[in-house]
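Residues in the sequence shown are numbered consecutively from 1, following the UniProt record's numbering. A virtual CB, placed ideally from N, CA and C, is assigned to each residue, including glycine.
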Amino acid sequence: MQMPAPDAGVLARRAAITARLREAVPGAVIDDPAETRAYECDALSAYRCPPLAVVLPRTTEEVAAVLRICHAERVPVVPRGAGTSLAGGSMPTADAVVVGLARMNAVLETNLDDRFIRVQAGRTNLSVSGAVDGAGFFYAPDPSSQLACAIGGNVGMNSGGAHCLKYGVTTNNLLGVTLVTMAGEVVELGGPMGEAAGLDLLGVVCGSEGQLGIVTEASLRILPKPAGARPVLVGFDASETAGACVAAIIRAGILPVAIEFMDRPCIRATEAFAGAGYPDCEALLIIEVEGTPPEIDEQLRLIRAIAEGFAPVEFRESRSEDESRRIWLGRKSAFGAMGQINDYMCLDGTIPVSALPQVLAGIARLSGEYGLDVANVFHAGDGNMHPLILYNANKPGDLERCEALGAEILRLCVAAGGCLTGEHGVGVEKRELMLAQFTPTDLDAQMRVKDVFDPQWLLNAAKVFPLAVSAPRREGMRNAA
Numbered sequence: 001m002q003m004p005a006p007d008a009g010v011l012a013r014r015a016a017i018t019a020r021l022r023e024a025v026p027g028a029v030i031d032d033p034a035e036t037r038a039y040e041c042d043a044l045s046a047y048r049c050p051p052l053a054v055v056l057p058r059t060t061e062e063v064a065a066v067l068r069i070c071h072a073e074r075v076p077v078v079p080r081g082a083g084t085s086l087a088g089g090s091m092p093t094a095d096a097v098v099v100g101l102a103r104m105n106a107v108l109e110t111n112l113d114d115r116f117i118r119v120q121a122g123r124t125n126l127s128v129s130g131a132v133d134g135a136g137f138f139y140a141p142d143p144s145s146q147l148a149c150a151i152g153g154n155v156g157m158n159s160g161g162a163h164c165l166k167y168g169v170t171t172n173n174l175l176g177v178t179l180v181t182m183a184g185e186v187v188e189l190g191g192p193m194g195e196a197a198g199l200d201l202l203g204v205v206c207g208s209e210g211q212l213g214i215v216t217e218a219s220l221r222i223l224p225k226p227a228g229a230r231p232v233l234v235g236f237d238a239s240e241t242a243g244a245c246v247a248a249i250i251r252a253g254i255l256p257v258a259i260e261f262m263d264r265p266c267i268r269a270t271e272a273f274a275g276a277g278y279p280d281c282e283a284l285l286i287i288e289v290e291g292t293p294p295e296i297d298e299q300l301r302l303i304r305a306i307a308e309g310f311a312p313v314e315f316r317e318s319r320s321e322d323e324s325r326r327i328w329l330g331r332k333s334a335f336g337a338m339g340q341i342n343d344y345m346c347l348d349g350t351i352p353v354s355a356l357p358q359v360l361a362g363i364a365r366l367s368g369e370y371g372l373d374v375a376n377v378f379h380a381g382d383g384n385m386h387p388l389i390l391y392n393a394n395k396p397g398d399l400e401r402c403e404a405l406g407a408e409i410l411r412l413c414v415a416a417g418g419c420l421t422g423e424h425g426v427g428v429e430k431r432e433l434m435l436a437q438f439t440p441t442d443l444d445a446q447m448r449v450k451d452v453f454d455p456q457w458l459l460n461a462a463k464v465f466p467l468a469v470s471a472p473r474r475e476g477m478r479n480a481a
């Protein structure tokens, strides 16, 4: 069905807003409907909505100018890094201006002595490590989308990655940010030289999903590269057995740099896609340790002893750089490989490591009940699940069934003592599930923080908070303003 054309008043308002934006940020405004369609969704592509306009600033000052205009005109704003969000975190609304940070990709300062790097928020995750690699340093968080995802989005979603088991997620490696509020005020939070006194506002902003302001610059902790690293690949005849092995390794006090899990559907897909040479088994773990050669040997000896108690079908230790690359090749290719098979929805509920066996069994049971296949690939060491629900986007009812199954899996994670999201964020995808984890009182406290930073509720509207809970407050705050 063709949508009705906007009336003359709406068109005139759009023209006035875009004219003001063009004056403030020349050469950075996109409002042609054919071109704004490139920004109508993020990696949760099942939902789409072209924005009113897109602005691509290059500096913090330009971001502030854009927000001052939108604040004065009461225009909603959606921050966008690289659009890799899997939860609809950067999906716009029709009345919103998207502020894209792709042009803000510079390295602003590198300090090897004090071990930090300051970058603009549009710089990609992988290129941060690339900027200091030659000096023997790296940036630890490494999401699977690290080739494309932006640091601003990493801060917004508190992203992790395969190596977060040892080094932590974004909040553990974030020293400070430059934040622009909805009113266009530029605020410095934290900094590379230690925590600021008073409230931990940096901790509040990290993981706030663009609800409180737009991060334009970030100071990040960089670390010396380890003396060496070596992965092993361990295959099992049941997913639950692999989960139990993970729990046993963590319980023994061993801290690998990464423990990654893949089940049979994912193994088969990645083998067809990347040919990494994985064994034919029901589940496998990729376990990587770091240190000097003697340290690596001792850690792997302990891990092998634990794994043998679970009767692995294979225990393959890397003996060369090429073998290490091939062991990681399939894991890094997993999401692309699954995308060649079918449409899928990727979840990221997080659970206690000890609950892995029963949650994996529960996912298998729910998969059978809903008649949709689920492939599992995730950061097993910290219990960050990534079930991939396969469905056919062209089959009527399949998307709705997929969403219903996803909701049940996330409720299962919460019931096991976990939470709705480990790094993808709530966005649109999990918005209506927030009451499965939080009480109304909890949500009210969170929304009071939003009230302080964004009194008109213009930033990333209709995300994170259930609509029935947030809509009355959102309308009330805008009317009061």
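Residue environment, residue i, which counts as buried when at least 16 other CB atoms sit within 10 Å
i: V10; result: exposed
i: V469; result: buried
i: A305; result: exposed
i: D113; result: exposed
i: Q299; result: buried
i: M1; result: The predicted model places M1 with a pLDDT of 39, which falls under 50 and marks its position as unreliable; any figure quoted below should be read in that light. It is exposed - the Cβ of M1 has fewer than 16 other Cβ atoms within 10 Å.
i: Q146; result: buried
i: P440; result: exposed
i: G368; result: exposed
i: I296; result: buried
i: A12; result: exposed
i: V464; result: buried
i: D7; result: exposed
i: R20; result: buried
i: M3; result: Bear in mind that the predicted position of M3 carries a pLDDT of just 49, short of 50, making it unreliable; the figure below should be weighed with that in mind. Exposed.
i: E475; result: exposed
i: E423; result: buried
Sub-7 Å separation of residue i and residue j beta-carbons
i: M91; j: D454; result: no
i: P192; j: S219; result: yes
i: Q437; j: C419; result: yes
i: L360; j: E240; result: yes
i: P143; j: T170; result: no
i: A53; j: V97; result: yes
i: A197; j: G152; result: no
i: P283; j: A355; result: The question names Pro, but residue 283 is Ala in the sequence shown. Not closer than 7 Å, so no.
i: A274; j: M338; result: no
i: A380; j: C266; result: no
i: L399; j: I389; result: no
i: E321; j: A229; result: no
i: A307; j: C245; result: yes
i: T216; j: V180; result: yes
i: A162; j: G81; result: no
i: P466; j: E432; result: yes
i: Y370; j: R319; result: no
i: I222; j: V132; result: yes
i: P224; j: S324; result: no
i: L458; j: P76; result: yes
i: M385; j: G349; result: yes
Residue i versus the options, residue with shortest Cα-Cα distance
i: P226; options: Y167, A337, L202, A283; result: Y167
i: A94; options: L467, A462, A355, L67; result: A462
i: L202; options: I214, L189, L212, G213; result: L189
i: L366; options: E35, D7, P387; result: P387
i: T351; options: E217, E271, R48, F378; result: The question names Thr, but residue 351 is Ile in the sequence shown. Of the candidates E217, E271, R48, F378, the one whose C-alpha sits nearest the C-alpha of I351 is F378.
i: V426; options: N460, G362, D444; result: N460
i: G100; options: R58, I69, V128; result: R58
i: Y47; options: P472, V55, R37; result: R37
i: L67; options: L108, V186, I117; result: V186
i: Q211; options: D382, A471, Q446; result: Q446
i: G156; options: P293, E209, N111, D133; result: E209
i: R22; options: P33, P50, V55, Y39; result: V55
i: V452; options: Y39, L86, V205, G83; result: V205
i: E403; options: Y39, V77, A87, I17; result: A87
i: V353; options: G130, C346, G243, F116; result: G243
i: S45; options: V78, T84, R14, G336; result: T84
i: D237; options: A248, T178, A247, P279; result: P279
Residue i: CB within 6 Å of a non-hydrogen atom of the ligand SAH
i: D454; result: Absence of the ligand SAH is noted for the structure shown, with no ligands found whatsoever.
Please determine if the stretch 389-401 and the stretch 164-179 are in contact, where contact requires at least 3 C-beta pairs separated by less than 8 Å. no
Is there contact here, the stretch 53-70 with the stretch 103-112, by at least three beta-carbon pairs under 8 Å? By the Cβ test, the stretch 53-70 is in contact with the stretch 103-112, since at least three Cβ pairs between them sit closer than 8 Å.
If we count Cβ pairs, one from each stretch, closer than 8 Å, do we get three or more for the stretch 311-322 versus the stretch 250-265? no
Identify every run of the beta strand (DSSP E) within the stretch 284-319, keeping only runs that are complete inside it and at least 3 residues long; order them along the chain. 314-317
Runs of beta strand (DSSP E) wholly within the stretch 205-266 (minimum 3 residues, chain order): 214-221, 229-236, 258-263
Is the stretch 257-267 close to the stretch 320-338, with three or more CB pairs under 8 Å? yes
Extract the residue ranges of the alpha helix (DSSP H) inside the stretch 132-217, only unbroken runs of 4 or more that lie entirely within it. 151-157, 164-167, 201-205
So within the stretch 50-128, which uninterrupted beta strand (DSSP E) runs reach at least 3 residues, ignoring any that extend past its ends? 53-55, 77-80, 97-100, 107-111, 116-120
Length-filtered (4 minimum) alpha helix (DSSP H) runs lying within the stretch 367-413: none
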